[in-house]
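Working notes for the structure below.
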Amino acid sequence: MPRLRRVRAGDAGWTRRRRGRGVIYLDETGAQITDPESVARCRDLVIPPAWQDVWICPSPLGHIQAMGTDAAGRRQYLYHPQWRRRRDRAKHEHVLQVAQRLPRARRGVAADLALPGMPREKVLALAFRLLDEAYFRAGGERYAKENGSFGLATVLRDHVEIDGDEVTFRYPAKSGQVRHSQVSDPTVARVVRELRDRDDADPELLAWQDEVGWHDVTSSDLQLDVKDRLGTDARPKDFRTWHATVLAATGLAAAGPPPRADRARRRVVAEVIRDVAEQLGNTPAVCRASYVDPRLIDLWERGQTVGARAAQGLIMLPGSSAEPWSGRDRAASCADCSSSWISSTSSSGTGALSGISLMRYSSRHRHGPSCSSHSGGPRQRLTLVGGRHLAR
Numbered sequence: 001m002p003r004l005r006r007v008r009a010g011d012a013g014w015t016r017r018r019r020g021r022g023v024i025y026l027d028e029t030g031a032q033i034t035d036p037e038s039v040a041r042c043r044d045l046v047i048p049p050a051w052q053d054v055w056i057c058p059s060p061l062g063h064i065q066a067m068g069t070d071a072a073g074r075r076q077y078l079y080h081p082q083w084r085r086r087r088d089r090a091k092h093e094h095v096l097q098v099a100q101r102l103p104r105a106r107r108g109v110a111a112d113l114a115l116p117g118m119p120r121e122k123v124l125a126l127a128f129r130l131l132d133e134a135y136f137r138a139g140g141e142r143y144a145k146e147n148g149s150f151g152l153a154t155v156l157r158d159h160v161e162i163d164g165d166e167v168t169f170r171y172p173a174k175s176g177q178v179r180h181s182q183v184s185d186p187t188v189a190r191v192v193r194e195l196r197d198r199d200d201a202d203p204e205l206l207a208w209q210d211e212v213g214w215h216d217v218t219s220s221d222l223q224l225d226v227k228d229r230l231g232t233d234a235r236p237k238d239f240r241t242w243h244a245t246v247l248a249a250t251g252l253a254a255a256g257p258p259p260r261a262d263r264a265r266r267r268v269v270a271e272v273i274r275d276v277a278e279q280l281g282n283t284p285a286v287c288r289a290s291y292v293d294p295r296l297i298d299l300w301e302r303g304q305t306v307g308a309r310a311a312q313g314l315i316m317l318p319g320s321s322a323e324p325w326s327g328r329d330r331a332a333s334c335a336d337c338s339s340s341w342i343s344s345t346s347s348s349g350t351g352a353l354s355g356i357s358l359m360r361y362s363s364r365h366r367h368g369p370s371c372s373s374h375s376g377g378p379r380q381r382l383t384l385v386g387g388r389h390l391a392r
């Protein structure tokens, strides 16, 4: 595999210029590039036509192959496929590491949600749980103002409906999509209801109160709180990447063994990715390229899924008759039944995603009087509901 070299934005490079109905490419001296191989490489980059101030790397081995400014004035990059694969691997390894810290963070969130009043810690704990349960983007004040698109930090009180323990969010999200998210959680419903119905003129949902008055929660507040709870390398977007992989893992396991025919396998994967994309509010292409760990699909095609562990009583999937818990493998105790942590380790003790059965898997469950996390009573059966394992 050829060795890539790092390039910088200030390096000399090629550019693109419109000519008639098409474009031409100019080298570092401003001369038109006529070499067929070089022209073909530029075209194969598929640089968006709307990009301005386009820069193209003269070398096919540059880690950045092209840069440009989009219609919104943002600098965008096209990376070498080899570099992109390397970054994707690092991203998913990072998310797996962050996911290992979720159980402790969720226990802290449950404790903060029980605080009296509406202090900053309590509202940020609510935000953390919504990132974890509803796959919110963090959102930004600039996007809300300029584009009318909302995320968790900017979602409005008018975007919220509450029916008993179920909270529904309907709001314009990224790329003009109307996002529809539902959370069934009595604690979330109680705190969200108090925030929505508070006596304050601010239209945004998230705000905290002290002796001075109400204070808005910003996207920076969300970023810092996630770092405080999960480590300095964690980001709100890690929740979406993690849950996309979890949803895909359960979807592929529920689909059964991979068909022998390539076309049939591709169809199953496409259906699972489409379902995950719908739950995250992405296009299937973006979901597969940026959110779902590609190793998951490779392993499924080799017959390895979380379903292999269901037979041992770890995870209950639709149609499975196995009991959800075994004496040897069990979910870690949760705080206020807000989460459990199903973990299985390889004989080598590694945490790498070398098999779906090795993936540390988080699940949420509802509880009743017999929940053994609190009572020592019988374990409740788990079924897959909307991509999550919920006790009934």
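The sequence shown lines up with residues 1 to 392 when you count with this note's numbering.
Glycine included, each C-beta is placed from N, C-alpha and C at the ideal position.
All values reported here derive from a predicted model rather than from experimental measurement.
Cutoff 7 Å; reference W83; Cβ partners in own chain excluding five residues on either side: L4 and H63
Close Cβ partners of D200 (< 6 Å) along its chain, the five nearest in sequence each way excluded: W214
Contact under 8 Å by Cβ, R129 with V188: yes
Contact with chain D by L131, beta-carbon distance below 8 Å: Note that chain D does not occur in the displayed structure, where there is just one protein chain.
For Y79, the nearest candidate out of D221, S59 and W242 (CA to CA): S59
Under 8 Å between C-beta atoms of C412 and A66: What is shown of the chain runs 1 to 392, which leaves residue 412 out entirely.
Closest Cα partner of G393 within the set E278, L152, D88 and P257: Residue 393 cannot be examined here, being either before or after the span of the chain that is shown, 1 to 392.
Neighbourhood of P172 by C-beta, 8 Å cutoff - its chain only, sequence neighbours within 5 removed: G148, S149, F150, V178 and R179
Minimum length 4: unbroken alpha helix (DSSP H) runs contained in the stretch 266-308: 284-290 and 294-301
Beta-ladder partner(s) of I56, from DSSP: W14 and A66
Proximity below 8 Å, CB of M118 to CB of W51: no
Beta-bridge pairing of W214 - partner residues as DSSP gives them: Q209
Nearest-angstrom Cβ-Cβ length linking P203 and L156, presumed shorter than 8 Å: 5 Å
Stretch pair the stretch 269-276 + the stretch 249-257: three plus CB contacts closer than 8 Å: yes
Sufficient close CB pairs (3 or more, under 8 Å) joining the stretch 87-106 to the stretch 224-238: yes
Q82 - DSSP class collapsed to helix/strand/coil: helix
Which of helix, strand or coil DSSP assigns to P172: strand
Residues near G20 by beta carbon distance below 6 Å, same chain, minus five either side: none
Extent of the continuous alpha helix (DSSP H) run through Q223: S219 to L230
Rounded C-alpha distance that separates G164 from G256: 36 Å
Continuous beta strand (DSSP E) stretch holding L26: start and end: G22 to L26
Rounded distance between the beta-carbons of A105 and R229, thought under 8 Å: 4 Å
Under the three-state DSSP convention, the category R106 falls into: helix
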